[in-house]
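Asker:
Quick look at the structure:
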């Protein structure tokens, strides 16, 4: 078995090349005769993405960073912008004194100030803390070091300081460095003596000799796999093969359980019947790889394939249960008969993938792209497909019972009578794929549905539940939406001309400048969503409007038509209701203190106590069958 010290469970150390270092590296690449970064990567057995990330200034693992620099005959510390500890020099008068110095301080350089402490103890972890501020404004580095120690431990020492954003290179015991990093990442340590903390990064956690030995072992193993074809049926469990170029490698039947294959290039590799359970394949390139599981052994169960490239990969019969495939590219992949139960496929690209007969029960497909995918006879029971793109997918004879299809795009989806799907979502499918204009959809539950662009003109949607539905761009002209629940619905760009919105609560409904809506309903929408005190609404047509909890304090509603309006718990304190028609309006719990009600017609006074009616009568309100008295003009 491979040495467990190479396990992916060990903390990864990443490092970034400086901007100046990128240019130096590019020139070295040309000087050494490499005609492309791809050929350079191949020559060093490194994955193409790793080399690309290096030249783009993205973080890569320290061992790969050193390997690249060595191949380019460059000093890795210089390319990373890390100043190495130097021999003691005599201190000039303008040198800084380092806190807790055991050794000798380095001279301050003209381009930046440095404080280097020669540590006489055993090798310790190094880290760099980036602070926002000017290095020249720091007067006492002892105070800075003491502040850092409060959140870590006494072993922490500042060994270098660089200007720009202040970069403190610190060194200490593994425990103290871990405590320091944790304090910064948790937000407990946000500032150091007034300077905001921007970032922290561990630079190393073992001696250079140990790292070199470990790295050599890793790359010898990679070379052995690639050159000698010695990986078939081999025990590579816990092996560190991260960043390696293993393209076209034959790893069939190999035990790669718990292996670190992150960022590895496994394109066109033969991984059939390999055990990849719990392996880290995040960001790996598995395009066109053969990952078939002929004997249905444990294969990729619980593997980390986040952001992996599996385009056109063969995963037939593969066991990917509870695997992490979020953001992965699985377009055109063969996943027929695969086990993906409870797998994480959020934001994954599965366009045109073959998932026929696959077990996808309880899998997560939130925001996933499944357009044109073959899901025939697949088990999607209890799967989360919210906001998934299923356009033109084949779901014939699939099991979607209890699946979450909120906001899923069901346009062009192929369903048949054998498809098991909850009635709500079959109805949504019918609306977006078949003629829905003029259809009776009263009392229908269409909450959380993607009905964008649907033709619902003349449809009867009275009492329907459309809460949080996406109706953007939908044609609802002449539709009956009386008493429908539109709470949180998106009606941006929708056509609501001649639409019946009686008794509809428009609070929280989203509309925009492209929404076609009659002035009456636009006014009601404004009242409940953009309340303004002292608003002038005299003679306004607010008949049958849902104005529950509306703030109409001190508004001018004289001669307004509020008949049949729902004014429960509305604030009408100080409002002018003189001459208004409130016949049939519900005023239960409405605030009517100081409301002007002279000549206002309340009819039977719905929602008002007898005591309140008497008080309103005394202030000029009209109850009973007598019609309202309109002011003369």
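In my numbering, the protein residues as written are 5 to 637. Glycine included, each C-beta is placed from N, C-alpha and C at the ideal position.
For the candidate residues 436, 461, 465 and 458, whose alpha-carbon lies nearest to that of residue 449?
Answerer: The option with the nearest alpha carbon to residue 449 is 465.
Asker: From this set, 172, 201, 192 and 206, which residue's C-alpha is nearest residue 179's C-alpha?
Answerer: It is 206 whose Cα lies nearest to the Cα of residue 179.
Asker: Spatial neighbours of residue 356 within its chain, please: CB distance less than 7 Å, with the 5 preceding and 5 following residues excluded, ordered by chain position.
Answerer: Cβ within range, chain order: 335, 336, 376 and 377.
Asker: Using the rule of at least 16 other Cβ atoms within 10 Å of the residue's Cβ for burial, across every protein chain shown, is residue 20 buried or exposed?
Answerer: Buried.
Asker: Among 223, 152, 557 and 461, which residue has its Cα nearest to the Cα of residue 198?
Answerer: It is 152 whose Cα lies nearest to the Cα of residue 198.
Asker: Quick check: residue 250 and residue 269, are their CB atoms within less than 8 Å of each other?
Answerer: Contact: yes.
Asker: Return the chain-ordered list of same chain residues with a C-beta closer than 6 Å to the C-beta of residue 203, the five sequence neighbours on each side being excluded.
Answerer: Contacts found: 134.
Asker: Mind checking who residue 540 pairs with in its DSSP beta bridge?
Answerer: Beta-bridge pairing links residue 540 to 560.
Asker: To the nearest angstrom, report how far apart residue 125 and residue 30 are at their CA atoms.
Answerer: Residue placement at residue 125 is poorly supported in this model, since its pLDDT is 42, which falls under 50; the coordinates still yield a value, given next. In a straight line, the C-alpha of residue 125 is about 38 Å away from that of residue 30.
Asker: With DSSP collapsed to three states, give me the class of residue 224.
Answerer: In the structure shown, residue 224 sits in a helix (DSSP, three-state: H, G or I).
Asker: Throw me the rounded Cβ distance for the residue 523 and residue 503 pair, which I believe falls under 8 Å.
Answerer: In fact, because the Cβ distance is near 13 Å, the residues do not count as touching under 8 Å.
Asker: How is residue 63 classed by DSSP in three states: helix, strand or coil?
Answerer: In this structure, residue 63 counts as coil in the three-state DSSP scheme.
Asker: Using a threshold of 8 Å, state whether the C-beta atoms of residue 392 and residue 370 are closer than that.
Answerer: For residue 392 and residue 370, yes; Cβs fall inside 8 Å.
Asker: Which term fits residue 368, buried or exposed, when burial requires 16 or more other beta carbons within 10 angstroms of its beta carbon?
Answerer: The residue is buried, with at least 16 neighbouring Cβ atoms inside 10 Å.
Asker: Cα separation between residue 432 and residue 492?
Answerer: Rounded to the nearest angstrom, the two C-alpha atoms are 18 Å apart.
Asker: Contact defined as beta carbons within less than 8 Å: I believe residue 495 pairs with residue 515. What is the distance between those atoms, to the nearest angstrom?
Answerer: About 5 Å; that satisfies the 8 Å criterion.
Asker: Which first and last residues belong to the alpha helix (DSSP H) in which residue 417 is found?
Answerer: It is not in any alpha helix (DSSP H) - residue 417 carries neither H nor E in the DSSP assignment.
Asker: Could you name the residues of the same chain whose beta carbon sits closer than 8 Å to that of residue 113, not counting the 5 residues immediately before and after it, in chain order?
Answerer: Per-residue confidence for residue 113 stands at a pLDDT of 32, beneath the threshold of 50, marking its modelled position as unreliable; the derived number appears in the next sentence. There are no such residues.
Asker: Mark residue 303 as exposed unless 16 or more other C-beta atoms lie within 10 angstroms of its C-beta, in which case mark it buried.
Answerer: Buried, since its Cβ has 16 or more Cβ neighbours within 10 Å.
Asker: Indicate the three-state DSSP secondary structure (helix, strand or coil) for residue 514 in the structure shown.
Answerer: It is a strand residue.
Asker: From residue 526 to residue 441, what distance separates their C-alpha atoms?
Answerer: Whole-angstrom Cα-Cα distance: 24 Å.
Asker: Sorted by chain position, which residues of the same chain lie with C-beta nearer than 7 Å to residue 519's C-beta, five sequence neighbours on each side aside?
Answerer: 495, 496, 497, 498 and 500.
Asker: Have a look at 603, 549 and 550 and flag the residue whose alpha-carbon is nearest the alpha-carbon of residue 563.
Answerer: Ranking the options by Cα distance to residue 563, first place goes to 603.
Asker: Report the rounded CA-to-CA distance for residue 328 versus residue 175, giving the unit in angstroms.
Answerer: Roughly 35 Å separates the two Cα atoms.
Asker: With DSSP as the reference, identify every bridge partner of residue 520, one or two as the case may be.
Answerer: In DSSP, residue 520 forms a bridge with 499.
Asker: Verify whether the separation of the beta carbon atoms of residue 293 and residue 272 is less than 8 Å.
Answerer: In this structure, residue 272 lies closer than 8 Å to residue 293 by Cβ.
Asker: Just tell me which of 446, 452 and 55 has its CA closest to the CA of residue 638.
Answerer: Since the first residue shown for the chain is 5 and the last is 637, residue 638 is missing from the structure and cannot be characterised.
Asker: Comparing alpha-carbon positions, which option in 444, 467 and 473 lies nearest residue 457?
Answerer: Ranking the options by Cα distance to residue 457, first place goes to 473.
Asker: What residue does the alpha helix (DSSP H) around residue 431 start on, and which one ends it?
Answerer: Here the alpha helix (DSSP H) through residue 431 covers 427 to 437.
Asker: Assuming residue 151 is part of the alpha helix (DSSP H), what are its boundary residues?
Answerer: Counting along the chain, the alpha helix (DSSP H) containing residue 151 begins and ends at 145 to 154.
Asker: Going by beta carbon distance, what residues of the same chain come within less than 7 Å of residue 227, once the five residues before and after it are set aside?
Answerer: Closer than 7 Å at Cβ, skipping near neighbours: 49.
Asker: In whole angstroms, what separates the C-alpha of residue 508 from that of residue 191?
Answerer: If I take the Cα positions, the gap works out to 46 Å.
Asker: By how many angstroms is the C-alpha of residue 184 removed from the C-alpha of residue 77?
Answerer: In a straight line, the C-alpha of residue 77 is about 34 Å away from that of residue 184.
Asker: Just to confirm my understanding: we take residue 196, look at its own chain, exclude 5 residues before and 5 after, and list those with CB closer than 7 Å. What are they?
Answerer: Contacts found: 135, 148, 151 and 152.
Asker: Between residue 267 and residue 51, is the Cβ-Cβ spacing less than 8 Å?
Answerer: Closer than 8 Å, so yes.
Asker: Might you give, ordered along the chain, the residues of its own chain that have their beta carbon closer than 8 Å to the beta carbon of residue 298, omitting 5 neighbours on each side?
Answerer: Same-chain partners within the cutoff: 276, 277 and 321.
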